[in-house]
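S.K.: Quick one: this structure, given as structure tokens, is what I'll be asking you about.
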Amino acid sequence: MSKIAPGGKASSAPLLGNDIEPTLFEMSVPGRSAYQLRTTGVPATPLKDMVPFAHLNPEVIPIAEVSERDLVAHFMRLSHRQFSVDLGMYPLGSCTMKYNPKFCDAVASDPGLNTVHPGTPAELSQGWLELLVDLEQKLCAITGMQAATLQPAAGAAGELTGLLLMRAYHTANGDPRKRVLIPDAAHGTNPASVTLGGYEVTTIPSNERGLVDLAALKAQLGPDVAGIMLTNPNTVGLFEEEIVEIAEAVHDIGGLLYYDGANLNAILGQVRPGDMGFDIVHMNLHKTFATPHGGGGPGAGPVAVSKRLVEFLPGPKATRMTDGSYAWVKPPRSIGRVHGWHGNAMVLARALAYITVHGGDGLKRVSEHAVLNANWLRVRLADSLPAAYDRVCMHECTLTATPLKQKFGIKGLDVAKGLLEEGFHSPTVYFPLIVDEALMFEPTETESLQTLEALAEAVERIVARAETDPESLRIAPQTTPVSRVDEARAARQLVPTEDAAAR
Ligand SMILES: Cc1ncc(COP(=O)(O)O)c(C=O)c1O
């Protein structure tokens, strides 16, 4: 048990201090509160009169009681020990940590949006429904699709929804089929979603150019194939040049094409998955449309589909009726709900703000700058960390630390940890799996030339250290609040504890 008296540990740890921050439970003092509820005049009703006894928990559940002031200070102190998109460049390839413009927060703070209960009848929340229909139409225009569901809570939830749609479509045609093809460079959520969707995974190898091997793909096609899941640009950051041939081959055997549109940053306003032949697209709003990301917080992974899948979409969906009003409508052969209520609505509102403020031209410039920045970095770093595939990349570039490993025994992970000491977040390491000592940088469109140059110089200093002082890199980072951890063990043996004595 903690030796700290309740609320007795007042911390004012300096920035990046190494004091252990007390948990909210350790700071708790009975009677303190960080919120105020509006006085409504509605008489209080005991819980037992509203909830059946069987559903009531007889135990008192401990809740941390802290003042607003202490709560804010607690999270500010923790946030000062963290890296964040607001703090600096966060070049995490594939995971995309792009800057979230503050006007989107202003939209989400509008009480006209955030005080509306999701159960409000359609006739009293017409504005919200109009907003959702507007977002659906804009996402369809961007992807070249017919209709979309906004319900899924994240990319992986969108993937599962897409696979359930694939299954519903084939089942309705009397043949659910068995296998889904996935390239070996794919994101790990793809095979997981295929399995959850009740299909078997068939892996397609990449060729020496880092693209899907078309001959190997064709060899796997057959009447039991439900479809293929692809990302284009793929997870190495390269454009699948044979996408039209791939689409034709899969459609010829009656299969569907699923586009993992987790990240649309390279293709916004340039090319659309629908025009490449895809039938299902999920989008991670947090990667392309700059909504908050990570921390398990609310996300959104809308799924857009081509005409033949519209009737299966999750529902109810916000729909514009012929008289111009809006209503909740369930598509005729809907697979049902994939989220409580209508999805994470405030995230959807933020994404619509981002799309609307940028407009078509602005979104096109986003993709141009994202691709330009990634290629600038690829060329600038060529002597320090060569590209895994030496040609024009899209919004991210996959580099390799293999030469450093061979010469000095310094691995990609050591380079990534060294970057933390230089004040940059690490790139993605060891992904995609097909690249040895992979370091995947996604600078995103918002980083300036000066920031990119600063990153390149930081990488150069690390490469120089690999030669002169490799040991210091193997134990990096030494200057951050948390030094090097055994990452595999931390992931496999997670022991969350609120007991300070056990830490
Ligand atoms: C290519 C790709 N697909 C799917 C996902 C899964 O998205 P989410 O993390 O929102 O579930 C990611 C996430 O990093 C991704 O990079």
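Residue numbers (numbering that gives the first Met the number 0): 0 to 502.
All residues carry an ideal CB built from backbone N, CA and C; glycine is no exception.
In its own chain, which residues sit with a C-beta less than 7 Å from the C-beta of Val-356, not counting the 5 before and 5 after it?
M.R.: Contacts found: Phe-102.
S.K.: Thr-160 to Glu-466, Cα distance in whole Å?
M.R.: Roughly 49 Å between the two C-alpha positions.
S.K.: Where do the N-terminal and C-terminal ends of the beta strand (DSSP E) with Leu-199 fall, by residue?
M.R.: It is worth fixing the name first, because residue 199 is Glu in this sequence and not Leu. Element bounds for Glu-199: 199-203.
S.K.: So, is His-169 buried or exposed, given that buried needs 16 or more other C-beta atoms within 10 angstroms?
M.R.: By the neighbour-count rule (16 or more Cβ atoms within 10 Å), His-169 is buried.
S.K.: Indicate whether the contact test is met: 3 or more Cβ pairs, each with one atom in the segment 222-232 and one in the segment 257-274, closer than 8 Å.
M.R.: Short answer: they touch.
S.K.: Does the distance between the C-beta of Ser-425 and the nearest non-hydrogen atom of ligand 1 fall short of 6 Å?
M.R.: Not under cutoff, so the answer is no.
S.K.: Going by DSSP, what residue range makes up the alpha helix (DSSP H) through Gly-358?
M.R.: First-last of the alpha helix (DSSP H) with Gly-358: 344-379.
S.K.: Shortest alpha-carbon distance to Thr-318 belongs to which of Ser-124, Ala-140, Glu-244 and Gly-209?
M.R.: Here the closest residue by C-alpha is Ser-124.
S.K.: What's the gap between the Cα of Lys-2 and the Cα of Gln-81?
M.R.: With a pLDDT of 45 at Lys-2, under the threshold of 50, the modelled position of this residue cannot be trusted; read the value that follows with caution. Spanning the two alpha carbons is a distance of roughly 27 Å.
S.K.: Going along the chain, which residues of its own chain have a beta-carbon closer than 7 Å to the beta-carbon of Pro-175, five neighbours each way excluded?
M.R.: If we look at Pro-175 and ignore the five residues flanking it on each side, its Cβ neighbours are Arg-166 and His-169.
S.K.: From which residue to which residue does the beta strand (DSSP E) around Tyr-168 run?
M.R.: Per DSSP, Tyr-168 belongs to no beta strand (DSSP E); it is in the alpha helix (DSSP H), 154-171.
S.K.: With burial defined as no fewer than 16 other Cβ atoms inside 10 Å of the residue's Cβ, what is the status of Arg-464: buried or exposed?
M.R.: Burial call: buried.
S.K.: DSSP state of His-281, grouped into three classes?
M.R.: In the structure shown, His-281 sits in a strand (DSSP, three-state: E or B).
S.K.: Sorted by chain position, which residues of the same chain lie with C-beta nearer than 6 Å to Tyr-98's C-beta, five sequence neighbours on each side aside?
M.R.: Correct list, in chain order: Val-84 and Thr-445.
S.K.: Would you list the residues whose beta-carbon is nearer than 6 Å to any heavy atom of ligand 1, in the order they occur in the chain?
M.R.: Those satisfying the condition are, in chain order, Ser-93, Cys-94, Ala-153, Gly-154, Ala-155, His-186, Thr-188, Thr-230, Thr-234, Asp-259, Ala-261, Asn-283, Gly-298 and Gly-300.
S.K.: Below 6 Å CB to CB, which residues in the same chain sit around Trp-327 once its five sequence neighbours on both sides are set aside?
M.R.: Here the set comprises Ala-121 and Pro-315.
S.K.: If you check the beta carbons only, do Ala-225 and Phe-288 fall under 7 Å apart?
M.R.: No, the Cβ-Cβ distance between Ala-225 and Phe-288 is not below 7 Å.
S.K.: Who are the near neighbours of Ile-252 in its chain, counting only those whose CB is closer than 7 Å to its CB and skipping five residues on each side?
M.R.: Hits under 7 Å: Leu-220, Gly-221, Pro-222 and Val-224.
S.K.: For the beta strand (DSSP E) that Pro-182 lies in, which residues bound it at each end?
M.R.: Here the beta strand (DSSP E) through Pro-182 covers 178-182.
S.K.: If we call anything under 7 Å between Cβ atoms a contact, is Tyr-325 one with Leu-128?
M.R.: Yes.
S.K.: With a CB to CB cut of under 8 Å and the five nearest residues on each side skipped, what residues in its chain are close to Glu-239?
M.R.: Correct list, in chain order: Leu-210, Val-211, Leu-229, Asn-231, Pro-232, Asn-233 and Ile-245.
S.K.: When burial is assigned at 16 or more other CB atoms within 10 Å of the CB, is Ser-78 buried or exposed?
M.R.: Exposed, because fewer than 16 other Cβ atoms sit within 10 Å of the Cβ of Ser-78.
S.K.: Helix, strand or coil for Leu-128, going by three-state DSSP, please let me know.
M.R.: Here Leu-128 sits in helix by DSSP.
S.K.: Between the Cα of Arg-336 and those of Leu-493, Leu-284, Leu-164 and Asn-172, spot the shortest distance and give me the residue it belongs to.
M.R.: If we check each option's Cα against that of Arg-336, Leu-164 comes out closest.
S.K.: CA-CA distance, Arg-379 and Gly-187?
M.R.: Roughly 30 Å separates the two Cα atoms.
S.K.: Could you give the uninterrupted runs of the beta strand (DSSP E) lying entirely in the segment 257-322, keeping only those of 3 residues or more?
M.R.: Segments of the beta strand (DSSP E) lying fully in the segment 257-322: 279-282, 302-304 and 316-319.
S.K.: Check whether the Cβ of Arg-483 lies closer than 6 Å to any heavy atom of ligand 2, and answer yes or no.
M.R.: Only ligand 1 can be found as ligands here, which leaves ligand 2 out of the picture.
S.K.: Within 10 Å of its beta-carbon, does Val-494 have 16 or more other beta-carbons around it, so buried, or fewer, so exposed?
M.R.: Flag for Val-494 reads exposed.
S.K.: Roughly how many whole angstroms lie between the Cα atoms of Tyr-429 and Glu-395?
M.R.: Each residue's Cα considered, the two are about 14 Å apart.
S.K.: Measure how close the beta-carbons of Leu-256 and Asp-278 come, nearest whole angstrom, since I'm counting them as under 8 Å.
M.R.: Yes, Leu-256 and Asp-278 are in contact; Cβ-Cβ is about 5 Å, under 8 Å.
S.K.: Give me the Cα-Cα distance between Ile-461 and Thr-119, rounded to the nearest whole angstrom.
M.R.: If you take the alpha carbons of Ile-461 and Thr-119, they lie about 56 Å apart.
S.K.: Span of the alpha helix (DSSP H) holding Leu-195?
M.R.: Start and end: 188-195.
S.K.: Start and end of the beta strand (DSSP E) containing Val-41?
M.R.: Where Val-41 is concerned, there is no enclosing beta strand (DSSP E), given that its DSSP letter is neither H nor E.
S.K.: On the criterion of 16 or more Cβ atoms from any shown chain inside 10 Å, does Asp-259 qualify as buried, or is it exposed?
M.R.: Its Cβ being crowded by 16 or more others within 10 Å, Asp-259 is buried.
S.K.: Pairing CB atoms from the segment 56-69 with CB atoms from the segment 22-40, are three or more of them under 8 Å?
M.R.: A contact exists between the segment 56-69 and the segment 22-40.
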